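Respectively, the protein sequence lines represent chains A and B.
Number 457 marks the last residue of the first sequence (the numbering used here); no jumps.
Number 457 marks the last residue of the second sequence (the numbering used here); no jumps.
Every residue, glycine too, gets a C-beta built ideally from N, C-alpha and C.
All values reported here derive from a predicted model rather than from experimental measurement.
There are 2 protein chains.
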Amino acid sequence: MTNIVLCGGSGTRLWPLSRKLLPKQFVKIFDNKSLFQMTLERNQNHAKKFLIVTNAEQYFLAQDQALAQGCTAIDIILEPVGRNTAPAIALACLDINPEEIVLVTPSDHLIKNAKDYEASVASAVEFAKENYLVTFGILPVLPETGYGYIHFNNNDVIAFKEKPDRKTAEEYIDRGDYYWNSGMFCFKAGVYLDELKKHAPEIYEASLYAFRQSQKDGERRIRLQDMEKIPSNSIDYAVMEKSSKVKVVPCNAGWSDVGSFDSLHEDMEKNENHNAGEKELININSSGNLVMAQGKMVALVDIENLHIIDTPDALLVCKMGSGQKVKNVVEVLNQKKLQISDTHVTIYRPWGSFTVLEEGPAYKIKSIIVNPGKRLSLQKHEHRNEHWVVVNGTATVTIDSEIKTLQPNESTYIPKNVLHRLENKGESSLVIIEVQAGDYLGEDDIIRVQDDFKR
Amino acid sequence: MTNIVLCGGSGTRLWPLSRKLLPKQFVKIFDNKSLFQMTLERNQNHAKKFLIVTNAEQYFLAQDQALAQGCTAIDIILEPVGRNTAPAIALACLDINPEEIVLVTPSDHLIKNAKDYEASVASAVEFAKENYLVTFGILPVLPETGYGYIHFNNNDVIAFKEKPDRKTAEEYIDRGDYYWNSGMFCFKAGVYLDELKKHAPEIYEASLYAFRQSQKDGERRIRLQDMEKIPSNSIDYAVMEKSSKVKVVPCNAGWSDVGSFDSLHEDMEKNENHNAGEKELININSSGNLVMAQGKMVALVDIENLHIIDTPDALLVCKMGSGQKVKNVVEVLNQKKLQISDTHVTIYRPWGSFTVLEEGPAYKIKSIIVNPGKRLSLQKHEHRNEHWVVVNGTATVTIDSEIKTLQPNESTYIPKNVLHRLENKGESSLVIIEVQAGDYLGEDDIIRVQDDFKR
């Protein structure tokens, strides 16, 4: 079985933990693991391969986190723009043997009960073998108005229902024959494509064309002009609501979409004061709070029922129950064109990451991590000189025509306009401290002569 | 007139803004000025000289902030341990012509109305000329139980009253003939010493002995063994309550002791949502909050009446009205022996300051600022190598027997066990980035061969 992992998400509802360039599924929330990594982990038992559909900006994040999770059997399809789930799943299924069973999962949901989940998947696989399109239904615990619902009779779907109003949602729960629609699916790749061709032929045809025009060089890249021609639609609207081959299996495995800090708080362990998150809190008469501060010292005095989310460059304090309004914060940031909605202090690159430690009027200090076997582009800068001090690992440094090796505690200097390259040929992470000095220090002062990552 | 400036304070009630090594009076709260600097500023009109009584740990902070404020006529008396106000003022008065009028002020209070303050001081000076000990009375606006009160009849003191209970405080306010005791005084130096000798002879004698044994080399240093022999007492108990030469002048100048975040919040300007502090707040339906975050982006969602105080290494969230409990936070930190109650990420030194930007397993990165004309000790380290990159100013660097000058964008390397020194001979601040590498990076790995600051 192949697990098709969908990596969408805009990173607005868990700001400042999530950002545009680090959406929810890649934030390390639980035990230093991301929801994306937990998705791979829980499916490693039944899937022999992972096919990750993501956008170009998050490609390297997905790849790095998958490798850190010990997943090597991964293929990646890069979408230049998102067109919702029906095309994303079509592009993935086109890359798979039609007879193979696929499990389609979002990568930003939480499932707490592994055993029940595995039983549901096993049950879904049985229906998939019989050429059904299987969806997973979650028994609702709240009259949630933000989800779609499935009216069921045993394993048959009577109807898909869009997001209901409060009263209707309460009726659904009272009746007891409605599930939440989880966004997880199981079917043979070929069956999905056949049903898509039948019920949404324009999506099928455009996806097929885009797939055939795409190039595979490690990852598969769909061309922008082809992707833009695919109609945008969800698998639910395009296929599931129309097909007669649909089955539903219940999944009562502690599912959560972690859609807000309120939802996250419910999913986290609480201490004796009903506080969640940071364990080393200084607590004076405070209870029921979610505190996430990346290990920073936090003291609470007479505080109840708040979300307190601290990061190096942004702090959110939000009343519990108002978590849905966090997207309004991001809207304000976007209106003000503040980059703080897009990136963290630490920025991920295909070769690793860098963190800006300090900026002054004519200098900038970065901590740079280069992953094993990776190298930055061969580049030069017009406006800045750079000092590098190696603090961990071994650096292979090209400066002009000279190539040298630097060990921890060794340093070098790169004057402006001189071609240079930083490479980690070792097996552990290379960490260097870079001090930039110059009259202009923007990230766009970079002239790339050669780049492993086609930038 | 000389202004005797008392610099006590333990830095617990405004934590995490204040710390043991940066007590309240030195924190830059209003318009990037400290309360200490505002004290000098408001007394610069009437005082021709400042005599600052402080402890050894805060000596350089006081000196640097006074210089930054443009005060050059300062003398400093260093107390190795604090013995309350009666001895501190005695040691200061012994250093002054007995006929000279002194104005004694704390350095951690706020006075908002300069004109009314000056009128009070002028009135006090007239009584001081007639050999009275003058205290300043604040017309109470609240039945505050944390202050001492003065029962007055015009300029005469009927009685000093210790901190009253709530009911008594309310009676005082209803009567209208009680002031708050402000802790500010005005008298001739000799008159105070005469009255101290009369009413607390053991404090007078021990202070006189300690003063005579002290050394003046720039600052005057009282010896520890002498200071410890002086009985600890306040000027109120030791002198003012006993002397028959006491007068009180009213001071209705918007006085505040900034004794908690509640008090600070009252003293600060509010915006249209009654929020104070950070101006660039992202505000979703939040009002009545005090937010201080050193310019960091803060977003509030449905938050009312909180103190939110963020610093690089500690965050306090405290219900408004619970400000007095912040000292309980510091007690917990002290019990846990956490240094975060003592120091900030930025640590002040006699020659300037340094900030730890990042620490790793075998490296530490510091931003170091050396004030003009200052130099660090001639020193060496047993366990670490250091890389220096100059980013502002000009560094005069001694390495072993070599002395060289480094401009911005130049760097150097100091291997372990090699004697070195960093000096700023220029007129602007010298800023260097130091990358330390080694197996042990504690501040105590330092062997000083020569030091301008007698360390």
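With a threshold of 8 Å between beta-carbons, can residue i be considered close to chain A, or not?
i: Ile371 of chain B; result: no
i: Gly261 of chain B; result: no
i: Lys321 of chain B; result: yes
i: Met299 of chain B; result: yes
i: Tyr365 of chain B; result: yes
i: Val347 of chain B; result: no
i: Pro374 of chain B; result: no
i: Ala278 of chain B; result: no
i: Asp97 of chain B; result: no
i: Ile284 of chain B; result: yes
i: His383 of chain B; result: no
i: Val29 of chain B; result: no
i: Lys327 of chain B; result: yes
i: Val391 of chain B; result: yes
i: Val303 of chain B; result: yes
i: Glu360 of chain B; result: yes
i: Asn330 of chain B; result: yes
i: Asn394 of chain B; result: yes
i: Leu335 of chain B; result: yes
So what's residue i in DSSP terms, helix, strand or just coil?
i: Gln296 of chain B; result: coil
i: Ala439 of chain B; result: strand
i: Glu404 of chain A; result: strand
i: Ser262 of chain B; result: coil
i: Met108 of chain A; result: A small correction: the amino acid at residue 108 of chain A is Pro; Met does not occupy that position in the sequence shown. Strand.
i: Gln452 of chain A; result: strand
i: Asn275 of chain A; result: coil
i: Arg457 of chain A; result: coil
i: Gln409 of chain A; result: coil
i: Ala301 of chain A; result: strand
i: His422 of chain A; result: strand
i: Gln39 of chain B; result: helix
i: Ala240 of chain B; result: helix
i: Asn5 of chain A; result: strand
i: Asn57 of chain A; result: strand
i: Arg44 of chain B; result: helix
i: Ala64 of chain A; result: helix
i: Ser430 of chain B; result: coil
i: Asn336 of chain A; result: helix
Do we get a CB-CB distance below 8 Å when we pair residue i with the residues of chain B?
i: Gly344 of chain A; result: It is worth fixing the name first, because residue 344 of chain A is Asp in this sequence and not Gly. Chain B contact via Cβ: absent.
i: Ser413 of chain A; result: yes
i: Ala397 of chain A; result: no
i: Ser324 of chain A; result: yes
i: Asn387 of chain A; result: yes
i: Ile401 of chain A; result: no
i: Asn426 of chain A; result: no
i: Asp312 of chain A; result: yes
For residue i, which residues in the same chain have their Cβ closer than 7 Å to its Cβ, ignoring the five residues on either side in sequence?
i: Ala171 of chain A; result: Pro145, Glu146 and Thr147
i: Ala130 of chain B; result: Ile103, Val136, Cys188, Phe189 and Lys190
i: Gly192 of chain A; result: Pro100 and Glu101
Have a look at the options and flag the residue whose alpha-carbon is nearest the alpha-carbon of residue i.
i: Glu274 of chain A; options: A:Ser288, A:Lys406, A:Gly375 and A:Leu340; result: A:Ser288
i: Pro417 of chain B; options: A:Pro417, A:Lys418 and A:Ser413; result: A:Ser413
i: Leu380 of chain A; options: A:Asn34, A:Val159, A:Tyr350 and A:Arg457; result: A:Arg457
i: Glu404 of chain B; options: B:Leu424, B:Glu436 and B:Gly192; result: B:Leu424
i: Gly150 of chain A; options: A:Ile140, A:Asn157 and A:Asp158; result: A:Ile140
Going along the chain, which residues of its own chain have a beta-carbon closer than 6 Å to the beta-carbon of residue i, five neighbours each way excluded?
i: Lys114 of chain A; result: Gly256
i: Phe455 of chain B; result: Pro352
i: Leu96 of chain B; result: Phe213
i: Gln65 of chain A; result: none
i: Tyr194 of chain A; result: Cys95
i: Glu388 of chain A; result: Ile416, Glu436 and Gln438
Suppose the cutoff is 8 Å on Cβ atoms and the five residues either side in sequence are ignored; what does the same chain contact list for residue i look like?
i: Val260 of chain A; result: Leu16, Lys26, Ile31, Leu37, Asp110, His111, Leu112, Leu266 and Asp269
For a contact meaning CB atoms closer than 9 Å, what does residue i contact in chain D?
i: Leu23 of chain A; result: The structure shown contains no chain D; its protein chains are A and B.
Quick one: complete beta strand (DSSP E) runs, 3+ long, within the region 147-190 of chain A?
151-155, 158-163 and 180-190
What residue ranges within the region 85-133 of chain B form continuous beta strand (DSSP E) runs of no fewer than 3 residues, ordered along the chain?
103-108
Where in the region 182-236 of chain A do unbroken runs of the beta strand (DSSP E), each at least 3 residues long, occur, reported from the N-terminal end onward?
217-219 and 221-223
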